[in-house]
Structure formats: structure tokens, C-alpha cells
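The block underneath contains the structure these notes are about, expressed in C-alpha cells.
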Amino acid sequence: MKLLLTSEGLTTKPIKKAFLSLLEKPVSKNKVLIMHTAKLRRHFGYVRDIKKTLRQLGLKKENIVEANISTKINARKYTNFDVFYSCGGNTFYILYRMRKTGFDGLIKRFVRKNKLYVGVSAGSYIVCPTLEAAAWNHADRNIIGLKNLNALKIVPFIVTAHYSAKFKKIIDEAEANTKYEVKRLTNRQALIVINNKVRKIE
Numbered sequence: 000m001k002l003l004l005t006s007e008g009l010t011t012k013p014i015k016k017a018f019l020s021l022l023e024k025p026v027s028k029n030k031v032l033i034m035h036t037a038k039l040r041r042h043f044g045y046v047r048d049i050k051k052t053l054r055q056l057g058l059k060k061e062n063i064v065e066a067n068i069s070t071k072i073n074a075r076k077y078t079n080f081d082v083f084y085s086c087g088g089n090t091f092y093i094l095y096r097m098r099k100t101g102f103d104g105l106i107k108r109f110v111r112k113n114k115l116y117v118g119v120s121a122g123s124y125i126v127c128p129t130l131e132a133a134a135w136n137h138a139d140r141n142i143i144g145l146k147n148l149n150a151l152k153i154v155p156f157i158v159t160a161h162y163s164a165k166f167k168k169i170i171d172e173a174e175a176n177t178k179y180e181v182k183r184l185t186n187r188q189a190l191i192v193i194n195n196k197v198r199k200i201e
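For what it's worth, my numbering labels the leading residue of the sequence shown as 0, then goes sequentially.
Here it is in C-alpha cells:
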């Protein structure tokens, strides 16, 4: 498997460099699928910013495709992509919609093919064993009352995104009460996961 897990996406030079280094094809040849749950105007603005960044890195406009899983959508139509870019949002709602649309299975199959998965905030949480860390240090509430918090279990650890010193006490206490290893990510850090090897960059 090959993952790049972040808090805020491709926002720093080291993270952009890591992204490019993980591509198996020349950058312009890669096809990217962006999964999101945008509903409001500002959410769509966020998606546009992602597309802009990808184009600045050398990807072609026609090779960047959106999948809004808040809509009636079927994961089966999304094949033949080199990069899966999973946006942020409400983690619990995202997992709920992934299950409804079949994107949970799509991501697992995608990762098994050793293609690049990029997670942003909630997109990093969903590949963990559970979503328990999603509400530790920011206002990511279980707005839909999701009962089953088991996530995709692609990685054996838990990520806590948007970490900073002000959350240390909260995260220390939460970490003491979970059976999983916890990886803390600030907004300028990322994890590169290649098979069983994990490396933090910043």
C-alpha cells in the first residue's frame, strides 16, 4: 500500500515533493479522483483549490475528476485512476456516505493495487481502524449518530489531525485510553505509509 496522510493536503513544499515522488508515472499522465461531500459554496471553493494545486503541480485538467458522495453516486463507475484524493469534512458523515455508495470497498481495492491514496483530515481518519480520534481535538461531531465507528482498517494506527500544543493534554488522555498507536499530525506534517513502513515529513 502507498498512502500520504495529511491534515490539510498538499500545502507545503515538503508534502508536495513527497506527493510527486510517490507517483509512478510522469505527473501529467496521472489521473486523480477527488472524493468529497461538498454541499455549500465554500465547500466547492475548497474543491476548486485542490484542483488548482494539482494543476500547478503538473496534472492535466482533464485528468482530475470529482466524486461527490453526498449525491446519488455509484462507486463502480470510478475506475482506472492513479491517485485517490480523499477530502476533509465531517468524518462520521463521510464514512456513512462511503458505505452507502460503495466507496469504502473502492478505496480498499484501490489501495491493494498499490496506487497512491492521499488523505486530508477526515480522509486520513477513515483509513484508520476506528474513527475514535475524529472528535478528540476539534469540533468533528457525530452529527448523524453513526453507531458503527469501525473505519477501513488499512493502517494499524490512529491519526489525530490538526494537532498543536494546546491539544496535548486532551490527546495524552485519549491516547492512554485507546488500544491503538496514535500518530499526531500538525497542519504542516504528513505521514508517508508504504506497506508497513511509516515516515513523518514536515
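Where is the CB? At the ideal position from N, CA and C, for every residue including glycine.
Whole-number beta carbon distance between residue j and residue i, since they are thought to touch under 8 Å
i      : j      : result
Asp103 : Lys24  : With 8 Å as the limit, Asp103 and Lys24 do not qualify as a contact, their Cβ atoms being about 26 Å apart.
Ala17  : Ala134 : Actually they are not in contact, since the Cβ atoms of Ala17 and Ala134 sit about 28 Å apart, beyond 8 Å.
Glu7   : Val119 : 7 Å
Thr90  : Ala121 : 4 Å
Leu3   : Leu115 : 7 Å
Tyr84  : Val31  : 6 Å
Thr5   : Leu148 : Not quite, the Cβ-Cβ distance comes to about 22 Å (not below 8 Å), so this is no contact.
Val117 : Met0   : So it is not a contact: roughly 13 Å between Cβ atoms.
Asn73  : Gly101 : 7 Å
For residue i: DSSP bridge partner residues
i      : result
Tyr92  : Bridge partners of Tyr92: none, in fact.
Ala189 : Thr5, Ile200
Ser85  : Met34, Gly118
Ile106 : DSSP output for Ile106 lists no bridge partner at all.
Thr129 : Asn149
As assigned by DSSP and simplified to three states, the class of residue i
i      : result
Met97  : helix
Tyr45  : helix
Tyr124 : helix
Val154 : coil
Lys182 : strand
Ala160 : coil
Glu65  : strand
Thr11  : coil
Leu22  : coil
Lys71  : coil
Lys28  : helix
Thr78  : coil
Leu53  : helix
Lys112 : coil
Lys60  : helix
Arg140 : coil
Candidates the options: closest to residue i by CA position
i      : options                       : result
Arg108 : Arg187, Val119, Lys167, Arg75 : Arg75
Thr177 : Val158, Met0, Ile193          : Val158
Tyr162 : Ile63, Asn149, Gln55, Asn186  : Asn186
Glu131 : Gly118, Leu151, Lys114        : Leu151
Thr36  : Ile63, Lys15, Tyr45, Ile68    : Ile68
Pro128 : Thr78, Tyr179, Glu201         : Tyr179
Tyr265 : Ile106, Glu61, Ile143         : Given that the chain is displayed from residue 0 to residue 201, the structure contains no residue 265 and the question cannot be resolved.
Ile33  : Val64, Leu19, Leu4            : Val64
Lys15  : Tyr77, Leu58, Met0            : Leu58
Asn136 : Arg47, Lys112, Lys165, Val154 : Lys165
Leu145 : Lys99, Leu184, Lys12          : Lys99
Leu56  : Tyr45, Thr10, Gly101          : Thr10
Phe156 : Val192, Gly88, Leu39, Lys167  : Val192
His42  : Gly88, Ile200, Ala175, Lys60  : Gly88
Minimum Cβ-Cβ distance from residue i to chain B less than 7 Å
i      : result
Phe156 : Protein chains in the displayed structure number just one, and chain B is not present.
Segment limits, alpha helix (DSSP H) that includes residue i
i      : result
Ala175 : 167 to 175
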